[in-house]
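See structure below.
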Amino acid sequence: MASKKATADKSTTIRAASKNKQRSQGSSKASAASPFGSSNGGSLASSLSSLFSPQPHGKDAALASLLASSSKPPVNLGQGSRFAAFGTFPCAQSSAISTSKLTSQTLDDKQKVKKKDAPSAQGSIDTTAPPGQPSTASGPAAITSSRTNDQQKKQKQTDTVGSMRSDVRSPTGTSSASSSKPVVPNPPAGRRPIFRPVLASSTAVSWPEMPVAGSKTVLHTLLEMLAKPALQYTLREDLGRRSLSRPSKAKEETDDTAMDVDNTSQLPTAGAGPQVLAGINSITRAVEDDIAADLEKLHSAQRKGKTVAAQPPSIKVVFVCRHDLPQPALIAHLPMLVTAKNAVLQACSNDDNETNGAVYLFALPSGSEELLAKALNLRRASILALTSAFSPTHLAQILAAIERETGSLCRLRASWLETAMRAAKQFSVNNQRPLTLKQQPPTIKLLRTTQPVDLNACKAAKKSRRKERSARWKKRKMQTQQRIKSLRAELKQAIQKERDAKKKAAGRVQATKAGNEKVVQM
């Protein structure tokens, strides 16, 4: 006997769902068009009360609808039940809940419900119904699946309401969490926040802030220039004493013979001075000597009949591995020193051009000390300077790279120092009144810190703590001294006991020897 195929309820199909949705939309439009609502809904009094009662707007309306949908829904007497012929019962929230359910439930959800109900319908009670007649009763499996679906919908509605409530509590939402305001820590107990002014000096000279890409480009240009064979002779002559490995005479001869005619023309003459300097002390001494020589030149130019002696080559550019030094205090004087050098040069020259003989201070990027030391064949090279006796072609190449990548950042200048130098020069020449110094306006910053609420009590507590600390220290000192004395006494006793034991042992040995001698004589 062939088993009859169970038929699913046609009220749950997609077509029936779309028809129900159209009917609900039509009824909602009709109720919205009529001022007193539809006859299928509540009574006339409820319609009038809904007209004259204030309606919420915005988030309040959304929250109210979510709260209404999250409440326990009334008993839904659908088309599949036996009470569908009597229609819906009037309820205060029945129309709103039914409308929200119909609009929120999509065709995909109904299709899923249909797929879940289809296998459960095979085990339903109404298996003997004709194929053309819909079944009016469902099995326990269908009831269980419908209950699980209702529970899932309630859980989703509860999660939505919770998220909506959290949004209502914080009106700004997630924007408040991502605000750019700094987090101010709360002061500890017994302290209060205060603000102390910090005055920045207008005469201070700081290190220039170099761009990372530009500093790396200049570093590679410098390393390529130092690796050229034409400069190896210069590096050996100026840094030969400090190099790790000295080349042999044969190698020097081969290198000298391999040089071109153009390169030999660039070799330094006798007494021309160093072209490359390395080391903090040597470069600092060289810059100070340049400043002294420029000042002497300035004074001698004012005196008639005085000849200026030949000056050694001056510093043109200083490369510093600022980020690789463990102690920044070793090179903290370099910015002010280079600024003073540029101010003296500006006072000596009548031209207002900024690049006229200015000294460049370039801070190399992090990790450049090892590369520079390898290029110079030194153990360590944290600072390097090129003088005016350096090859003009290579010096112009490196200065052009610095100007291209950093502009005027490396030419450290102080307007107040240059003005003071010009004023001193004019006063000494024309015996006039010196010019006023142009200083930058003071920069005042506020430092947020804390202090005790009661300063007197805090001072008294500190004084008492100092007394207690000194008393503890004295007590420990006395205990240590007593322990040392006791240890010394114990050591003396141990030494004395050891001596006594040795004496007793020696006496026993002598007694045994004397006894043995007597026995032998007998």
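Just so you know, we're using the working numbering here: the sequence shown kicks off at 836 and counts up by one. Note that beta-carbon positions come from the ideal geometry of N, C-alpha and C, so glycine has one too. Because the structure is a prediction, the values reported are computed rather than measured.
C-alpha gap between residue i and residue j, whole angstroms
i	j	result
residue 1211	residue 1073	10 Å
residue 1163	residue 1042	11 Å
residue 1203	residue 1209	10 Å
residue 1115	residue 1153	10 Å
residue 1339	residue 1350	16 Å
residue 1157	residue 1197	9 Å
residue 1252	residue 1246	14 Å
residue 1305	residue 1291	21 Å
residue 1234	residue 1068	22 Å
residue 1049	residue 1064	26 Å
residue 1348	residue 1355	11 Å
residue 1180	residue 1205	33 Å
residue 1321	residue 1300	31 Å
residue 1250	residue 1238	21 Å
residue 1037	residue 1071	43 Å
residue 1307	residue 1334	40 Å
residue 1310	residue 1298	18 Å
residue 1213	residue 1058	14 Å
residue 1341	residue 1330	16 Å
residue 1227	residue 1283	53 Å
residue 1296	residue 1167	40 Å
8 Å Cβ shell around residue i - same chain, five flanking residues per side excluded
i	result
residue 1171	1040
residue 1285	1022, 1023, 1026, 1027, 1028, 1029
residue 1052	1236, 1240
residue 1130	1179
Identity of the residues DSSP links to residue i by a beta bridge
i	result
residue 1280	1033
residue 1120	For residue 1120, which the question treats as bridged, DSSP gives no partner whatsoever.
residue 1113	1219
residue 1318	Paired residues: none, contrary to the question.
residue 1227	BP columns for residue 1227 are empty, so no partner.
residue 1028	1285
Check whether residue i and residue j have beta carbons under 8 Å apart
i	j	result
residue 810	residue 1217	Outside the displayed span of the chain (836 to 1357) sits residue 810, for which this structure offers no information.
residue 1113	residue 1199	no
residue 1177	residue 1194	yes
residue 1126	residue 1222	no
residue 1173	residue 1122	yes
residue 1148	residue 1192	no
residue 1244	residue 1060	no
residue 1054	residue 1229	no
residue 1281	residue 1032	yes
residue 1175	residue 1146	no
Coarse secondary structure for residue i, derived from DSSP in three states
i	result
residue 1196	strand
residue 1209	helix
residue 1151	strand
residue 1214	coil
residue 1052	helix
residue 799	Given a span of 836 to 1357 for the chain in the structure shown, any question on residue 799 remains unanswerable.
residue 1174	helix
residue 1287	strand
residue 1043	coil
residue 1020	coil
residue 1311	helix
residue 1239	helix
residue 1005	In this prediction, residue 1005 scores a pLDDT of 44, lower than 50, which makes its location untrustworthy; the coordinate-derived value is nonetheless stated afterwards. Correct three-state label for residue 1005: coil.
residue 1357	coil
residue 1063	coil
residue 1349	helix
residue 1038	coil
residue 1305	helix
residue 1331	helix
residue 1245	coil
residue 1156	coil
residue 1146	coil
residue 1168	coil
residue 1184	coil
residue 1202	coil
residue 1342	helix
Contacting residues, own chain, Cβ-Cβ under 6 Å from residue i (five flanking each side not counted)
i	result
residue 1225	1110
residue 1256	1178, 1182
residue 1359	The chain is shown only over 836 to 1357; residue 1359 falls outside these bounds and no answer can be derived.
residue 1215	1208
heavy atom of the ligand SAM below 7 Å from residue i C-beta
i	result
residue 1164	For the structure depicted, the ligand SAM is absent and the ligand set is empty, with no information on it obtainable.
7 Å CB neighbourhood of residue i in its chain, flanking five on each side removed
i	result
residue 1289	none
residue 1231	none
residue 1019	none
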